[in-house]
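Q:
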Amino acid sequence: MKQINVVMSGFEPYEGIDVNPCLEVLSALERDGLAGFAEQDRLLADAQVTIHTVLLPVSFAKAWPMLLETIERTHPDIVIATGLKRAARGMQLERCATNLMDAAKPDADNRRPRRMPIDPEGPAAYWTRLPLRSILKDFADHHIPATLSSDAGTYVCNSLFYNLLNWAATKDHVIGGFLNFPTVNEQPHPQHGLPLAQQISAARDVVHETVRYYLEPSSGEILLA
Ligand code: PCA
Numbered sequence: 037m038k039q040i041n042v043v044m045s046g047f048e049p050y051e052g053i054d055v056n057p058c059l060e061v062l063s064a065l066e067r068d069g070l071a072g073f074a075e076q077d078r079l080l081a082d083a084q085v086t087i088h089t090v091l092l093p094v095s096f097a098k099a100w101p102m103l104l105e106t107i108e109r110t111h112p113d114i115v116i117a118t119g120l121k122r123a124a125r126g127m128q129l130e131r132c133a134t135n136l137m138d139a140a141k142p143d144a145d146n147r148r149p150r151r152m153p154i155d156p157e158g159p160a161a162y163w164t165r166l167p168l169r170s171i172l173k174d175f176a177d178h179h180i181p182a183t184l185s186s187d188a189g190t191y192v193c194n195s196l197f198y199n200l201l202n203w204a205a206t207k208d209h210v211i212g213g214f215l216n217f218p219t220v221n222e223q224p225h226p227q228h229g230l231p232l233a234q235q236i237s238a239a240r241d242v243v244h245e246t247v248r249y250y251l252e253p254s255s256g257e258i259l260l261a
């Protein structure tokens with residue numbers, strides 16, 4: 037049986053949002069993993085998937101070192117960082133991370149970097165390594181509203197995403213990417229938010245498709261034009 041380690045990170049509550057989907061979704065995934073998927077998916081029958089989770093402060097200086105510490109301890113094959121986009125209607129799949137910090141508000145350490153590169157030696161941007169095409173297909177099959185985003189912002193989320201891909205670029209077989217949750221809204225809402233159960237099932241789809249892609253890479257799955 038092949039052991040596949042997944043690390044998922046989320047951010048601590050911020051901006052006074054009371055139900056933080058990161059927290060709830062991550063604990064559901066850590067507890068249940070991909071339970072039930074192996075029976076339906078032959079590719080997964082021979083894989084043992086373990087999901088480790090970590091909650092990070094909304095801090096430019098601390099978020100990436102804390103995620104890296106979890107990575108070094110658990111040796112993941114897949115790392116999926118997550119965040120919260122308050123204005124998002126549904127799930128938001130991030131396509132690219134850019135080498136820029138430009139904070140409109142102070143972070144948890146009261147720091148507010150303006151117009152600075154994340155890594156002065158690094159490339160301008162990285163594409164995600166997540167199989168976006170198959171994830172979006174799962175979302176459509178499961179009636180989960182989602183959008184592709186080409187801009188993870190210039191705050192802590194983008195900074196974590198960039199650092200993750202900058203690190204993954206030095207590794208042969210690690211897949212990294214970033215997923216944004218909307219706020220939790222149990223009532224159907226035309227503009228923003230999704231019920232928690234739907235966000236959990238969306239995150240499980242993302243892990244499932246990324247594990248499938250890890251086991252059986254195919255070049256068509258990464259980007260969606
Ligand atoms: N969203 C913020 C930081 C933490 C989070 O969940 C962002 O978009 O950068």
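According to the numbering used here, the sequence shown holds residues 37 to 261 in order. Beta carbons are placed, not taken as given, at the ideal position from N, Cα and C, and that holds for glycine. Note that the coordinates shown come from a computational prediction; the quantities given were computed from them, not determined experimentally.
1. Using C-beta distances below 7 Å, list every residue in its chain close to Pro159, excluding the 5 sequence neighbours before and after it, in chain order.
2. At which residue ranges does the stretch 170 to 237 contain complete beta strand (DSSP E) runs of 3 or more residues, listed in the order of the chain?
3. Within this structure, are the beta carbons of Tyr198 and Ala139 separated by less than 9 Å?
4. Return the chain-ordered list of same chain residues with a C-beta closer than 8 Å to the C-beta of Arg147, the five sequence neighbours on each side being excluded.
5. Over the uninterrupted alpha helix (DSSP H) stretch that includes Leu59, give me the two end residues.
6. Among Leu70, Ala81 and Leu79, which residue has its Cα nearest to the Cα of His88?
7. I'd like the span of the beta strand (DSSP E) that includes Glu130, first residue to last.
8. From the DSSP output, in three-state form, read off Gly52 for me.
9. Enumerate in chain order the residues of its own chain whose CB-to-CB distance from Ser237 is below 8 Å, with the five nearest sequence positions on each side excluded.
10. Closest by CA to Met102, which one among Leu196, Tyr162 and Asn216?
11. Please state whether DSSP places Met37 in a helix, a strand or coil.
12. With a threshold of 8 Å (Cβ to nearest heavy atom), would Ala124 be considered close to the ligand PCA?
A: In short:
1. If we look at Pro159 and ignore the five residues flanking it on each side, its Cβ neighbours are Asn135.
2. The DSSP assignment places 182 to 185 and 211 to 217 as complete runs of the beta strand (DSSP E) inside the stretch 170 to 237, in order along the chain (cut-off: 3 residues).
3. Cβ distance not < 9 Å, so Tyr198 and Ala139 don't count as in contact.
4. If we look at Arg147 and ignore the five residues flanking it on each side, its Cβ neighbours are Ser95, Phe96, Ala97 and Ala139.
5. Pro57 to Asp68 is the span of the alpha helix (DSSP H), which, as asked, contains Leu59.
6. If we check each option's Cα against that of His88, Leu70 comes out closest.
7. Met127 to Glu130 is the extent of the beta strand (DSSP E) around Glu130.
8. Reduced to three states, the DSSP call for Gly52 is coil.
9. By the criterion of a C-beta distance shorter than 8 Å, Ser237 is surrounded in its chain by His178 and Ile180, once the five residues flanking it on both sides are discounted.
10. Here the closest residue by C-alpha is Leu196.
11. Note: Met37 maps to coil in three-state DSSP.
12. Ala124: no, Cβ never under 8 Å from the ligand PCA.
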